[in-house]
Structures are given as C-alpha cells and as structure tokens.
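Residue numbers (full-length UniProt numbering): 1 to 315. Glycine included, each C-beta is placed from N, C-alpha and C at the ideal position. Shown next, in structure tokens, is the structure this report addresses.
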Amino acid sequence: MPADGVAGGGRAFTEGRHVLDPARPRHRESIVWVIPRVADGVTAFVYTWVNSRGEAGAALSVFGDVLGEQIFEKVDGIAVPDSAGFDDYRVGPLSLSLADSGMSSTVQFAGDRVSMSVEFEGLHAPFRYGEHIDGCPGFFADDRLEQTGIARGVLRVDGRVLEFDEMCQRDHSWGERDWEAMHHMKWVNALNRSTAVHAVELLAYGQRYLRGYLYRAGRCVPVRDLELRYDLDSELLHTRMQATWTDEEGRVARVDFADGGPHFVWDVSANFTLRDTAMAARIDGDDAVAYVDMSWDPAYMTRTTAKTGSVSVSL
1 MPADGVAGGG RAFTEGRHVL DPARPRHRES IVWVIPRVAD GVTAFVYTWV NSRGEAGAAL
61 SVFGDVLGEQ IFEKVDGIAV PDSAGFDDYR VGPLSLSLAD SGMSSTVQFA GDRVSMSVEF
121 EGLHAPFRYG EHIDGCPGFF ADDRLEQTGI ARGVLRVDGR VLEFDEMCQR DHSWGERDWE
181 AMHHMKWVNA LNRSTAVHAV ELLAYGQRYL RGYLYRAGRC VPVRDLELRY DLDSELLHTR
241 MQATWTDEEG RVARVDFADG GPHFVWDVSA NFTLRDTAMA ARIDGDDAVA YVDMSWDPAY
301 MTRTTAKTGS VSVSL
C-alpha cells in the first residue's frame with residue numbers, strides 16, 4: 001500500500017482546505033463520501049461545498065428500492081470563515097474532521113428525516129488528477145482527489161437504524177467548476193476490498209478527458225484507457241454496463257455493471273443534470289458494489305427522450 005500522504009504514487013501531499021479566489025465566481029471546494037450499499041436497496045452520500053464568497057452548503061441524500069423515494073436534505077448559503085480548516089469543520093447540520101494525510105476522516109449529518117455518522121479509512125492514498133501528464137482539466141477543478149475506502153457508521157432514516165461496514169468512494173476537489181463547459185460527464189466506480197476501479201470521463205470543447213485508476217494488490221495505478229458499453233433506457237437512465245480498465249502498467253480489469261435502480265437526480269445548473277445510481281458489479285468475476293453518475297444537458301434529454309425505446313452505446 002502506498003505510504004500515507006502520497007497521492008497517486010507521487011510526492012508527499014497534505015490534504016486540507018484551499019484558498020479560493022473571490023474574483024472567480026465559479027471557484028469552489030467540495031468533499032463527498034458515497035456509499036453505494038449502506039444496506040440492500042439503500043444508497044447514501046453526504047456532501048459539503050463552499051464557494052469563493054465563503055458561502056457553504058451541505059447535503060445528505062438517501063435513495064434506493066427499499067425507500068421508494070429520494071430523500072434529499074440540503075442547506076446552503078451558510079457563512080464559513082476562511083480560517084475554518086477541515087480538521088474541525090461545520091456547516092449547519094454537518095461536521096467533519098479530515099486527517100492531513102487524507103487517509104481517515106469522520107463526517108456527521110444530523111437532518112430531520114435522515115442522519116448519518118461515518119468513519120472513513122482509505123485503502124490507498126488520495127489519487128490526484130493533477131499528477132496526470134496533462135494535469136486536471138481546468139474547467140472541472142484546479143485539482144481533484146479520488147479515494148476508495150471503507151465506511152463504518154450508522155444511518156437513521158425516519159427512525160429506522162442501519163449500521164454499516166461497507167465500501168465507499170470519496171472525492172475532494174477545489175478550484176474552477178464550469179458545468180456549462182461540458183457536453184456530458186461520467187463518474188464511474190466499482191469497488192470491493194481487494195480491487196477498485198474509478199474513472200471520470202468528461203466531454204468538453206469537442207474533446208474527451210479521462211482520469212482515473214485501477215487499485216489492485218495494494219497499488220493504485222493511473223488509468224491509460226477505458227472502454228465502455230452501456231444501455232440507456234428511454235429516459236436516458238443507465239441500466240447496464242460493460243467496461244474494461246487498462247492502467248499505465250498494462251494491468252486490465254473487466255467490470256460488468258447491472259441492476260441500475262432508482263436514480264438520484266440533481267439539477268446542478270440550468271444546463272446540467274446529474275443522474276446517479278448504485279449498481280451491482282463484478283470485477284473480473286468477483287462481486288463488487290458500484291456507483292455511476294451520467295450527466296446530461298436537460299435540452300438534450302428532452303429532445304432524446306421524446307423518442308421511444310432504449311439505446312445501446314459503445315465508446
């Protein structure tokens with residue numbers, strides 16, 4: 001396993017809060033913990049963000065077959081001083097503590113219908129997009145970290161108590177986020193305790209930008225290529241997928257995704273809609289959990305979903 005504080009196999013790195021530029025209205029910072037399977041049929045993520053004016057927000061989303069609805073509790077526009085570090089950070093109902101190495105963190109969200117407490121331990125050091133030869137795509141973030149790990153804790157939903165010890169994907173990004181620059185994006189993750197794959201595929205300015213990794217045998221290696229085949233239903237919701245990761249050392253992971261269930265939907269801007277779902281997965285035949293986000297321009301969705309039938313796509 002890479003040493004604590006070494007991101008993506010490169011230089012030592014201390015993870016913390018960043019200075020944002022108030023002259024840049026799209027400058028922001030965020031951290032999210034995504035747990036694809038808190039329990040059978042239950043998915044959750046907890047998320048916090050702050051903009052360049054010091055206005056912060058936080059959200060807890062819980063959805064899945066068991067619930068029959070999407071529960072999304074959110075606060076926004078809460079003043080947080082620049083001096084507030086991630087070692088002891090609070091935004092309304094959310095509190096978090098993040099180790100300098102990024103290898104461990106705790107987060108709590110005390111909502112009305114839902115609340116959650118999470119202890120997170122990374123399986124590998126945070127992986128930095130900025131260590132790619134072309135860096136992190138500037139319209140997406142100044143830099144971004146991704147990390148697979150284990151989340152242990154308790155989720156409470158309308159008085160029901162669910163204890164969990166499950167796979168989790170964490171990301172942390174800071175800098176410019178220009179949703180309008182992108183035609184489409186995917187955030188694709190399949191995780192078990194021995195192998196994990198992660199990728200972001202961004203389509204912007206007519207170009208494809210790919211960042212991600214293959215974690216196996218205690219080593220996290222950047223992705224070199226990603227092949228995807230997937231099915232979209234008549235509403236452009238992803239239901240099945242086949243993917244092949246090839247990392248920079250030539251290691252290969254083949255992943256089958258299935259059972260795309262209830263989707264979380266968030267209109268992050270007038271021209272960009274996130275559509276997320278937890279999925280079942282098998283990585284080279286071994287069971288895994290998965291979380292896949294595909295994001296679309298609402299006008300494109302309206303034009304496309306006016307047609308009938310499903311779509312099969314290969315990239």
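message: Quick test of your reading: Ala-199 and Ile-283, contact by CB under 8 Å. State the CB separation rounded to the nearest angstrom.
response: The beta-carbon separation of Ala-199 and Ile-283, rounded to 13 Å, does not stay under the 8 Å limit for a contact.
query: Using the C-alpha atoms, what's the distance from Val-34 back to Leu-20?
result: Distance between the alpha carbons of Leu-20 and Val-34: 25 Å.
field: Secondary structure, beta strand (DSSP E): runs of 3+ residues fully inside the region 49 to 111
entry: Segments of the beta strand (DSSP E) lying fully in the region 49 to 111: 55 to 63, 71 to 79, 89 to 91, 94 to 98 and 104 to 110.
query: Assuming Ala-243 contacts Leu-226 under a Cβ cut-off of 8 Å, what Cβ separation, rounded to an integer in Å, is found between them?
result: Taking a contact as a CB-CB distance under 8 Å, the pair Ala-243 and Leu-226 counts as one, their CB atoms being some 7 Å apart.
field: Spatial distance of Asp-134 from Gln-207 (CA atoms)
entry: If you draw a straight line from the Cα of Asp-134 to the Cα of Gln-207, it is about 13 Å long.
message: Just to confirm the assignment, what range does the alpha helix (DSSP H) spanning Tyr-300 have?
response: Where Tyr-300 is concerned, the enclosing alpha helix (DSSP H) stretches over 298 to 305.
message: Tell me the rounded alpha-carbon separation between Arg-216 and Val-252.
response: Rounded to the nearest angstrom, the gap between the Cα atoms of Arg-216 and Val-252 is 10 Å.
message: Quick check: the Cα distance between Gly-41 and Ala-196, rounded to an integer number of angstroms?
response: Annotation: Gly-41 to Ala-196 spans about 21 Å, alpha carbon to alpha carbon.
- prompt: When the Cα atoms are used, what is the spatial distance from Val-188 to Tyr-291?
  reply: The alpha-carbon atoms of Val-188 and Tyr-291 are separated by roughly 6 Å.
- prompt: So what's Val-6 in DSSP terms, helix, strand or just coil?
  reply: Confidence at Val-6 is low in this model, with a pLDDT of 36, below 50, so its placement is unreliable and the value that follows should be read with caution. Reduced to three states, the DSSP call for Val-6 is strand.
field: Boundaries of the beta strand (DSSP E) in which Thr-244 is found, first to last residue
entry: Start and end: 238 to 247.
query: What are the boundary residues of the beta strand (DSSP E) that Leu-274 is part of?
result: Looking at the DSSP string, the run of the beta strand (DSSP E) that includes Leu-274 is 272 to 283.
task: Going by CA-CA distance only, name the one from Ser-115, Val-255 and Met-185 that's closest to Phe-139.
output: Answer by Cα proximity: Met-185.
- prompt: With 16 other CB atoms within 10 Å as the buried threshold, where does Asp-165 fall?
  reply: Burial check for Asp-165: the Cβ neighbour count within 10 Å stays below 16, so the residue is exposed.
field: Helix, strand or coil at Tyr-129 according to DSSP, with G and I counted as helix
entry: The three-state reading of DSSP puts Tyr-129 in helix, counting H, G and I together.
- request: State the Cα-Cα distance for the pair Arg-90 and Gly-102, rounded to the nearest angstrom.
  value: Roughly 18 Å between the two C-alpha positions.
message: Could you compute how far the alpha carbon of Gln-169 sits from the alpha carbon of Thr-148?
response: Inter-residue distance for Gln-169 and Thr-148 is about 5 Å (C-alpha atoms, whole angstroms).
- prompt: Run through DSSP, which three-state label would residue 316 get?
  reply: There is simply no residue 316 to check, as the chain begins at 1 and stops at 315 in what is shown.
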